[in-house]
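Data block below; observations after.
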Amino acid sequence: MPCGDYLSFQVLLDRQGFSPGEIDSRPGDNFTHALIALQQARQVPLTMQPDCDTWHALGGDSAGDLLTTYTIAPADVEGPFEERIPPNLVEQAKLPALGYRSPLERLAERFHASPALLQQLNRGVTLGAGHEIKVPAVTPFDPDAKPAAPAADAGDVAIQVSREESALRVTRADGSPLFFAPVTTGSQHDPLPPGNWTVVGVQWHPPFHYNPNLFWDAKPQDTKATIKPGPNNPVGVVWISLNLEHYGIHGTPEPGHVGHTESHGCVRLTNWDAARVASLVKRGTPVVFK
113 MPCGDYLSFQ
123 VLLDRQGFSP
133 GEIDSRPGDN
143 FTHALIALQQ
153 ARQVPLTMQP
163 DCDTWHALGG
173 DSAGDLLTTY
183 TIAPADVEGP
193 FEERIPPNLV
203 EQAKLPALGY
213 RSPLERLAER
223 FHASPALLQQ
233 LNRGVTLGAG
243 HEIKVPAVTP
253 FDPDAKPAAP
263 AADAGDVAIQ
273 VSREESALRV
283 TRADGSPLFF
293 APVTTGSQHD
303 PLPPGNWTVV
313 GVQWHPPFHY
323 NPNLFWDAKP
333 QDTKATIKPG
343 PNNPVGVVWI
353 SLNLEHYGIH
363 GTPEPGHVGH
373 TESHGCVRLT
383 NWDAARVASL
393 VKRGTPVVFK
């Protein structure tokens, strides 16, 4: 690449509100969609490629360090961790919490990265308290820090979710982009319902109420169950409820799957992107599914 590399582009896109989803230093649909959104917003040639015009639009030459050093804190490695989370939701309901599986998963999510990238950047480094690791230089995600509500004078925003692009946009009142992120939106069995909806509330660290009657792929023996909160809860760390029964915008326990797999109808983002959206919306924010 004549200007930058995939990792640098992904970090810059993330920092400027055009999320590539999980930072993994690789090309892919989520990266390309974020790149296109940036090119459209900054009015640079729409090449759909990480070229020099886009690098300069991102301020790549003056952006400073795109990797930084992080000293692992005791809380990062002390747990408790849920080393094995069963795929069956009824079985998940038996766990005391849906926390992280490992220090690696916790640290990767903190810096918006894939576990594989974190391991690649820190070959031979033990993930222990006091040890230094290299991480993407992004705003760290703290699953325990509830996003602040929008300021009273922040201005109105709107959300648009596109099934075709597997993308969510938050725009200002004048239509200018405020935030972009990849999403998973429904499936053939549970398609995204097109229409105009409204945010009616935001719940941080929600439990998940599993009702097999609402899942086409539920097992015949499944019963209703309540799954405890946590970043590996089926809806992640935050639930943005809509005036559409059973539908919401939420996080995920599998950030690497966002934009690539199917959901049961709702709009799924990485936990850090879902938290960002939750910090921008309020009751009454309009939402368009298309």
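Residue numbers (my numbering): 113 to 402.
Glycine included, each C-beta is placed from N, C-alpha and C at the ideal position.
Using a C-beta cut-off of 8 Å, the region 352-362 makes contact with the region 299-313, since at least three inter-stretch Cβ pairs fall below that distance. In this structure, DSSP gives VAL273 an extended state, which the three-state scheme calls strand. With distances taken between CA atoms, VAL370 lies nearest to ASP385 out of HIS358, TYR359, ASP385. The beta carbon of VAL269 lies closer than 7 Å to those of VAL282, THR283, ARG284, LEU290, LEU392, VAL393, THR397 in the same chain, with the five residues before and after it left out. In the DSSP assignment, ALA337 falls outside any alpha helix (DSSP H) and lies within the beta strand (DSSP E) extending over 337-339. With fewer than 16 neighbouring CB atoms inside 10 Å of its own CB, PRO208 falls in the exposed class. Between GLY360 and LEU381, the beta carbon gap of about 11 Å keeps them out of contact (Cβ cut-off 8 Å).
The three-state secondary structure of HIS362, taken from DSSP, is strand. Contact between the region 167-180 and the region 196-206 is not established, with fewer than three Cβ pairs separated by less than 8 Å.
Following the DSSP letters along the chain, one finds PRO398 in no alpha helix (DSSP H) but inside the beta strand (DSSP E) bounded by residues 398-401.
Under a 10 Å Cβ-count criterion, SER288 is classified as exposed, with fewer than 16 other Cβ atoms of the shown protein chains found around its own Cβ. By the Cβ rule, the region 207-221 counts as touching the region 180-195, because three or more pairs are nearer than 8 Å. VAL350 and ALA293 do not touch by the CB rule: their CB atoms are close to 13 Å apart, not below 8 Å. According to DSSP, THR297 shares a beta bridge with VAL379.
DSSP, read as helix, strand or coil, puts THR180 in strand.
GLY133 counts as buried, since at least 16 other C-beta atoms from the protein chains shown sit within 10 angstroms of its C-beta. Nearest Cα to ASP126 within the set ARG138, ASP117, PHE143: PHE143.
Looking at SER131, CYS115, PHE401, the one whose alpha-carbon comes closest to that of PRO305 is PHE401.
The beta carbons of GLY116 and GLY172 sit closer together than 7 Å. Residue nearest to PRO303 within the set GLY129, VAL379, ASN383 is VAL379 (criterion: CA-CA distance). Boundaries for ALA279: no alpha helix (DSSP H) harbours it, while the beta strand (DSSP E) harbouring it runs 279-284, taken from the DSSP string.
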